[in-house]
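Every position in the sequence shown, counted from 1, becomes a number in our numbering once 457 is added.
First up is the structure itself, then whatever we jot down about it.
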Amino acid sequence: MNTENRVRVRFAPSPTGGLHLGGVRTVLFNYLYAKKHGGDFILRIEDTDQARFVPGAEEYIFDCLKWCGLNPDESVRNEGHYGPYRQSERKEKYRLYAEELIAEGHAYYAFDTPEELDEMRRKYKTDENPQPQYDHKVRMRMKNSLTLSGEDVHELIRSNTPYVIRIKMPENETVSFNDMIRGEVSFNTSLVDDKVLLKADEMPTYHLAVVVDDHLMKISHAFRGEEWLPSAPVHILLWKYLFGLDKMPKWAHFPLILGPNGKLSKRDGLKYGFPVFAMNWTDAKTGELTEGFKEKGFLPEAFINLLALLGWNDGTEQEVFSIEELIHEFSMGRVHSAGAKFDYEKAKWFNHEWIKKLDAGSLKERVLEALEAKM
Ligand code: GLU
């Protein structure tokens with residue numbers, strides 16, 4: 458926990474496309490937790506992967522949050538004391554930490570070319586290990602500062618040879634942490650590869666940036682989707698090495714949202730004709746339009762309500778909740794760890810309930826708004 462004991466949570470999207478309803482649920486649960494505890498909800502743009510930059514995606518995220526009424530307390534648009542709030546503008550902050558890890562023996566320089574990496578994957582491929590990783594089994598056979606002399610390393614760096622910095626995952630250790638939803642979660646470090654922390658373009662990868670920024674922005678609770686759970690051991694170790702586990706935020710990983718065939722995907726929406734994104738999103742490359750709940754005619758109140766019930770309930774039969782009621786009732790202890798099934802018929806039912814609550818005046822206003830948007 459940060460020293461001030463103030464609740465500070467963050468939503469940290471990579472602006473690469475449409476905002477999936479699972480992403481909005483992550484925003485919602487963060488927001489509810491912050492508001493319930495009188496804390497701050499921060500929006501941090503994680504754009505260190507320049508290859509995945511999508512014009513307009515950042516603005517779209519702000520539009521979605523605005524439509525949902527889940528506006529951040531701090532972001533690139535309303536900076537607090539911990540800016541910049543866009544990671545690409547924080548580039549110079551990360552290298553020092555990567556160097557510190559090297560100095561302490563927790564990371565190393567790796568000079569392997571893409572061809573050498575391909576060769577490694579070919580050479581060490583076996584039936585038991587069809588996709589060899591850069592890990593404790595192979596690192597001592599690769600071109601890095603663990604295998605080269607200090608002089609050679611110095612010379613390679615001096616002559617501008619491209620390199621990355623990798624974490625040196627310990628062998629056969631157990632890394633555990635307490636997840637507010639799942640309880641104690643443990644990993645064996647031998648199963649995790651030596652992830653890249655700093656790339657050849659000097660940009661950090663997500664793993665280094667997320668830990669450094671959660672620390673510098675005094676994040677007290679890091680809540681995110683279950684798909685990030687496999688990355689947790691790397692993050693826990695970085696916390697241990699750089700800042701100390703006592704400073705680490707509390708964690709929670711929200712359950713997956715399930716569609717008709719496993720994790721709910723954009724494809725499911727296209728196939729079965731229901732929205733999966735908060736608002737319409739058009740892929741600039743393919744021109745493909747993915748429908749949003751907004752344009753489909755959902756009220757934001759209904760959208761928020763149905764998302765809250767995907768993985769959480771208050772322990773009673775109540776299903777219709779306003780945002781004020783949600784802030785009051787929400788607790789992380791009542792979020793389940795099992796996947797939450799998305800049911801479009803039920804989603805429409807929520808919308809119907811919320812439409813029934815509107816008085817004639819506001820109904821007219823909203824209908825006109827929806828009609829105008831379609832003209
Ligand atoms: N940048 C990650 C994402 O795109 C953030 C994951 C996290 O919250 O740690 O979702």
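Think of the CB as a built atom: it goes at the ideal place given N, C-alpha and C, for glycine as much as any other residue.
| Does any heavy atom of the ligand GLU sit closer than 7 Å to the C-beta of S788? | Here residue 788 corresponds to residue number 331 of the sequence shown, with the count starting at 1. The answer is no for S788.
| said: Taking 7 Å as the cut-off, is the beta-carbon of Y539 closer than that to any non-hydrogen atom of the ligand GLU? | reply: In the sequence shown, residue 539 corresponds to position 82, counting from 1. Result no, Cβ not under 7 Å from the ligand GLU.
| request: Answer yes or no: do K675 and Y539 have a C-beta to C-beta separation smaller than 8 Å? | output: In the sequence shown, counting from the first residue as 1, residue 675 sits at position 218. In the sequence shown, counting from the first residue as 1, residue 539 sits at position 82. Result yes, Cβ atoms of K675 and Y539 sit closer than 8 Å.
| request: Let me know the secondary structure DSSP gives L476 once reduced to three states. | output: For this step, residue 476 is matched to residue 19 along the sequence shown. The answer is coil: DSSP assigns L476 none of H, G, I, E or B.
| For the ligand GLU, any of its heavy atoms closer than 7 Å to the Cβ of E503? | Walking along the sequence shown from the start, residue 503 turns up at place 46. Answer for E503: yes, Cβ within range of the ligand GLU.
| message | Taking 8 Å as the threshold (C-beta atoms), are L713 and K704 in contact? | response | Within the sequence shown, the letter at position 247 stands for residue 704. Within the sequence shown, the letter at position 256 stands for residue 713. Against a cut-off of 8 Å, the Cβ pair of L713 and K704 comes out as no contact.
| task | Tell me whether Y591 counts as near the ligand GLU, meaning its Cβ is closer than 7 Å to at least one heavy atom of that ligand. | result | Sequence index remark: in the sequence shown, residue 591 carries index 134 (1-based). No, since every heavy atom of the ligand GLU falls outside the 7 Å radius drawn around the Cβ of Y591.
| Apart from the five residues just before and just after T460, which ones in its own chain have a Cβ nearer than 6 Å to its Cβ? | Position 3 of the sequence shown, counted from the first residue, corresponds to residue 460. Any reading at T460 needs caution, since the residue's pLDDT is 48, under 50, leaving its predicted position unreliable; the model's value is listed next. The answer is none, since no qualifying residue turns up.
| For R465, which three-state DSSP category applies? | Here residue 465 refers to the residue found at position 8 of the sequence shown. Correct three-state label for R465: strand.
| Residues bridged to S643 (per DSSP) | What you label residue 643 is simply residue 186 of the sequence shown in a count that begins at 1. Its beta-bridge partners are S633.
| query | Which partner residues does R543 have in the DSSP bridge list? | reply | By one-based count along the sequence shown, residue 543 stands at place 86. Partner(s): I502.
| query | Can you tell which of A804, L527, L767 and I784 has the C-alpha that lies nearest to the C-alpha of P732? | reply | Within the sequence shown, the letter at position 275 stands for residue 732. Looking at the Cα atoms, A804 is the closest of the given residues.
| request: Could you pull out every residue in the same chain whose Cβ sits closer than 8 Å to the Cβ of I559, ignoring the five residues on either side in sequence? | output: On the sequence shown, position 102 is the one that residue 559 refers to. Excluding positions up to five away in sequence, the list reads Y565, Y566, S602 and I622.
| field | Alpha-carbon to alpha-carbon, K652 and Y520 | value | Position 63 of the sequence shown holds residue 520. Position 195 of the sequence shown holds residue 652. The residue asked about is misnamed: residue 520 is Asp in this sequence, not Tyr. Taking the straight line joining both Cα atoms gives about 34 Å.
| said: If you follow the beta strand (DSSP E) that L721 is in, where does it begin and where does it stop? | reply: As a position in the sequence shown, residue 721 is number 264, starting the count at 1. First-last for L721: undefined, no H or E at that position.
| For V610, the first and last residue of its enclosing alpha helix (DSSP H) | By 1-based counting over the sequence shown, the position of residue 610 is 153. Here the alpha helix (DSSP H) through V610 covers G607 to R615.
| said: Tell me whether R681, by its Cβ, gets closer than 7 Å to a heavy atom of the ligand GLU. | reply: One-based indexing of the sequence shown puts residue 681 at position 224. For the ligand GLU, at least one heavy atom lies less than 7 Å from the Cβ of R681.
| Taking three-plus beta-carbon pairs below 8 Å as touching, is the region 769-784 in contact with the region 723-732? | no
| query | Opposite S788 in the DSSP bridges: which residues? | reply | Working through the sequence shown from its first residue, we reach residue 788 at position 331. BP columns for S788 are empty, so no partner.
| task | Taking only heavy atoms of the ligand GLU into account, decide whether any of them is closer than 7 Å to the Cβ of A508. | result | Stepping through the sequence shown from its first residue, residue 508 is reached at position 51. Every heavy atom of the ligand GLU is 7 Å or more from the Cβ of A508, so no.
| request: Select from V511, T739 and I614 the residue whose C-alpha is nearest the C-alpha of A657. | output: Numbered from its first residue, the sequence shown carries residue 657 at position 200. Nearest C-alpha to A657: I614.
| task | In the DSSP assignment, find the unbroken beta strand (DSSP E) run with A795 in it and report its ends. | result | Looking up residue 795 in the sequence shown gives position 338. Neither: A795 is in no beta strand (DSSP E) and is coded neither H nor E.
| task | Check whether the Cβ of P712 sits closer than 7 Å to any heavy atom of the ligand GLU, and report yes or no. | result | To locate residue 712, count along the sequence shown from 1; it is residue 255. False, no ligand heavy atom lies under 7 Å from that Cβ.
| message | For a test of the three-state rule: what should DSSP assign to I833, helix, strand or coil? | response | In the structure as shown, the chain begins at 458 and stops at 832. Residue 833 is therefore absent and cannot be evaluated.
| Identity of the residue in F568, T747 and D650 nearest E612 by Cα | Start at 1 with the first residue of the sequence shown, and residue 612 comes out as number 155. Checking every option, the nearest Cα to that of E612 belongs to F568.
| request: With a threshold of 7 Å, establish whether the CB of A709 neighbours any heavy atom of the ligand GLU. | output: On the sequence shown, position 252 is the one that residue 709 refers to. No; taking the cut-off as 7 Å, the Cβ of A709 has no heavy atom of the ligand GLU nearer than that.
| message | Relative to the C-alpha of G768, which candidate in K697, E748, D740 and D800 has its C-alpha closest? | response | On the sequence shown, position 311 is the one that residue 768 refers to. Of the listed residues, the one whose Cα sits closest to G768 is D800.
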